[in-house]
Amino acid sequence: MSHSVPPQRDPSTLRSARWFAPDDQRSFGHRSRLKQMGFGEADFQARPCIGILNTWSDMNNCHTHFRDRAEEVKRGVWQAGGFPVEIPVMSMSESFMKPTSMYYRNLLALEVEETMRCYPLDGVVLMGGCDKTVPALIMGTTSANLPSIFMPAGPMLKGCWRGEALGSGTDMWRYWAERQAGNLCEEGWHELEDGIARSPGHCMTMGTASTMTALAETLGLCLPGSTSIPAVHSTHARMAAACGRRIVDLVWKNLTPRKLLTEDAFHNAIVADMALGGSTNAIIHLIAMAGRAGIRLTLEQFDDLSQKVEVLANIRPCGEYLMEDFYDAGGLRALLLRVKDQLRLHCLTVSGRTLGENIEGAEVYHEDVIRPLDRPVSAAGGTFVLRGNLAPDGAVMKPTAAEPHLLRHRGPAAVFSDYTDLKKRIHDPSLALTPDHIIVLQHAGPIGAPGIPEWGMLPIPDYLLKQGIRDMLRISDARMSGTSYGACVLHVAPESAIGGPLALVRDGDEIEVDVSRRLLHLHVSDEELAARRSQWKPRETRYRRGYAQLYEQQITQAPEGCDFRFLHHGPDLPEPDIY
Ligand code: FES
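Quick note on our numbering: the sequence shown kicks off at 177 and runs consecutively.
Following this line, the structure appears as structure tokens:
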């Protein structure tokens, strides 16, 4: 099947020509202002105007190399006959934004869409990598639907402490538990702080950033193999220039994101997610991204593929290695080749070739990092969907990151009404929690927290840590960092803040989790639950103006992707008038 799109090389067909070509007073203004910046007619006339949407800032630790990369992208754009313009967009840092960067994902998506609409751009290079920047940039560009290519930040180098490789997030959580248990001194803890993040690039575990960039590549939005390249490799700089060259061609071919983002492409992304043992966050983001393309993904599609696709990437937190090892072992192309029987290989990508053609010839160079099908990290895929009277609209769990004995468990609930309550009481020995208890956190969802933050790896009481306990069943309507681990049931929907059953759980109620049956059940009678519901009242909103109010009014629940209702796919907006 051929996907070739007839090239148009007629400069009058460029979108930017509406700004720069006419012989009128308004275009005079546009041209004279470009000349004010030192550009001549030869720089911009009859050339595709390429926006380089850069999420760099001094607050984004994962994108510190983006100033250099933007210059390299520009070099590629010039080489291919385009006119590059760098435009900063909201710089979302997973580390520093509070209450959570997720709260602002849709704001960046909106900014990207409107930036693309209002400026004379023919195509864009999207520069992102740190967690929410990836779905946000893709959601925005899918709505704007101009030719786009995603330039991934790439993972940082491995951390190191006393000769041991350290993984972002994952090893911080692990050693924090050891410190709480009294097994790690202050000096060791500070050395870890110095050694865990030691180069530009995003988290180098299979956290949300590594997952989402890999899924962006699988969807066809990145150059083949680009997302596995460590941020500081010289290959990464060359890849950036190649993105610049390629986007010019995509403009002439008018290859827009919605031509790539088909149902089959999202199927492929879910397959990749499962084979990677990807972050649970990918479910919410993929649903939201697909929604912008007018495609409805369901939780069942994820669960269905989780039963058909093995986890092959032996990367922390599910496995042992880190992204640098993954790259050296052959990277995403090699992994996708291993699961090619599950993929819809005909899907077109920004390379101009199909996904199948992109992965042809890939090789695995380290069989323990990218496992063969007969020796997977886990025989089932990375993320399961649970349902029951406690989560009628679903909840998710990453069983590969949990201690196996907790995958089938029944125990009494210990309920915390919000995170402040949890912080205040979780280590109080008078609660007398046991390893059999199930820790329940309410008001941590999209509206309740707000922003569905990554609180889902709820802390284990330190008196249990000292007894050697390292995992317990934990249930919340929060998310969990892709770098986290543990028997954590997440994204419980509907959330407690809008009266979901999670709001009705009380201390001592028996809860049953049976992952093999995908069950999440609260052993309380329907009559008792109805009585509790009749007494339940929502908390009064704290948000009466501004973005917070817009967020609260427009946000959807986790199984719908937590997008804003007014940003869902709909009729295309008209081009702006130029008067
Ligand atoms: Fe940016 Fe983890 S902090 S990806």
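A virtual CB, placed ideally from N, CA and C, is assigned to each residue, including glycine. Predicted, not measured: the structure shown is a model, and the values here were computed from it.
Near L481, which residues of its chain fall below 7 Å by C-beta distance, leaving aside the five closest residues on each side in sequence? I446, V447, M450 and G557
Mind checking which residues open and close the beta strand (DSSP E) that includes S324? Where S324 is concerned, the enclosing beta strand (DSSP E) stretches over S324 to P328.
Is it right to say F502 is buried, meaning 16 or more other beta carbons lie within 10 angstroms of its own, or is it exposed? buried
Taking buried to mean at least 16 other C-beta atoms within 10 Å of its own C-beta, is C738 buried or exposed? buried
Closest by C-alpha distance to A577, when choosing among M633, E289 and R586: M633
Given 8 Å as the limit, is there contact between the region 338-355 and the region 285-302, that is, 3 or more CB pairs closer than that? In this structure the region 338-355 does not lie against the region 285-302, because fewer than three pairs of beta carbons, one per stretch, are closer than 8 Å.
Which runs of the alpha helix (DSSP H) fall wholly inside the region 532-582 and span at least 4 residues, in chain order? Here no run is fully enclosed.
Cutting at 8 Å between CB atoms, please list the residues of its own chain near W254, excluding the five before and the five after it. P260 and G420
Measuring only from the beta carbon, is H378 closer than 7 Å to any heavy atom that is part of ligand 1? yes
Cβ of C306 versus every heavy atom of ligand 2: is any distance shorter than 7 Å? For the structure depicted, ligand 2 is absent and the ligand set comprises only ligand 1.
Who are the Cβ neighbours of F742 in its own chain at under 8 Å, not counting the five residues just before and after it? Q730
Report the three-state DSSP secondary structure of H745 (helix, strand or coil). coil
Report yes or no: do the region 561-576 and the region 687-696 share at least 3 C-beta pairs separated by less than 8 Å? Touching, yes.
Using the Cα positions of A620 and S606, report the straight-line distance between them to the nearest angstrom. Rounded to the nearest angstrom, the gap between the Cα atoms of A620 and S606 is 24 Å.
According to DSSP, residues forming a beta bridge with F740: The partner list for F740 (beta bridge, DSSP) reads I731.
Do you know how far the Cα of A417 is from the Cα of M656? 35 Å
Which residue from P637, E543 and I614 puts its Cα closest to that of R584? I614
Our contact map puts P735 next to A673 with C-beta atoms below 8 Å; I'd like the distance itself, whole angstroms only. Actually they do not touch by this definition, with Cβ atoms about 15 Å apart.
At the level of alpha carbons, what is the spacing between R586 and M648? 11 Å
Proximal residues to R194 (C-beta, below 6 Å), its chain only, five neighbours per side dropped: For R194, where only same-chain residues beyond five positions count, the Cβ hits under 6 Å are I754.
By how many angstroms is the C-alpha of A567 removed from the C-alpha of E536? 42 Å
For Y497, which three-state DSSP category applies? strand
Between I628 and chain C, is any beta-carbon pair separated by less than 8 Å? This model lacks chain C altogether, as it is built from one protein chain only.
Where the beta strand (DSSP E) containing L342 begins and where it ends: E340 to L342
Within a Cβ cutoff of 6 Å, which residues of the same chain sit near H179, ignoring the five residues on either side of it in sequence? Residue placement at H179 is poorly supported in this model, since its pLDDT is 47, which falls under 50; the coordinates are not used for a value here.
Would you kindly check if the distance between the Cβ of I602 and the Cβ of P635 is under 8 Å? yes
For C379, count the other beta carbons within 10 Å of its own beta carbon; 16 or more makes it buried, fewer makes it exposed. Which is it? buried
Runs of beta strand (DSSP E) lying entirely within the region 623-704, each at least 3 residues, in chain order: Correct list: 649-652, 664-669, 686-690 and 695-698.
Within this structure, are the beta carbons of H206 and F196 separated by less than 8 Å? yes
As a quick exercise: from L617, P611 and P588, pick the residue whose alpha carbon is nearest that of T596. L617
K308 versus E533, N321, H461 and I263, residue with shortest Cα-Cα distance: H461
For M303, list the residues DSSP reports as bridge partners. N230 and M327
Whole angstroms is fine: what's the gap from S203's alpha carbon to T732's? Between S203 and T732, the alpha-carbon positions lie close to 42 Å from each other.
Ignore the nearest five residues each way along the sequence and tell me which others in L640's own chain have a CB closer than 7 Å to its CB. L609 and P611
T317 to G305, Cα distance in whole Å? Between T317 and G305, the C-alpha separation is close to 15 Å.
Which term fits D425, buried or exposed, when burial requires 16 or more other beta carbons within 10 angstroms of its beta carbon? buried
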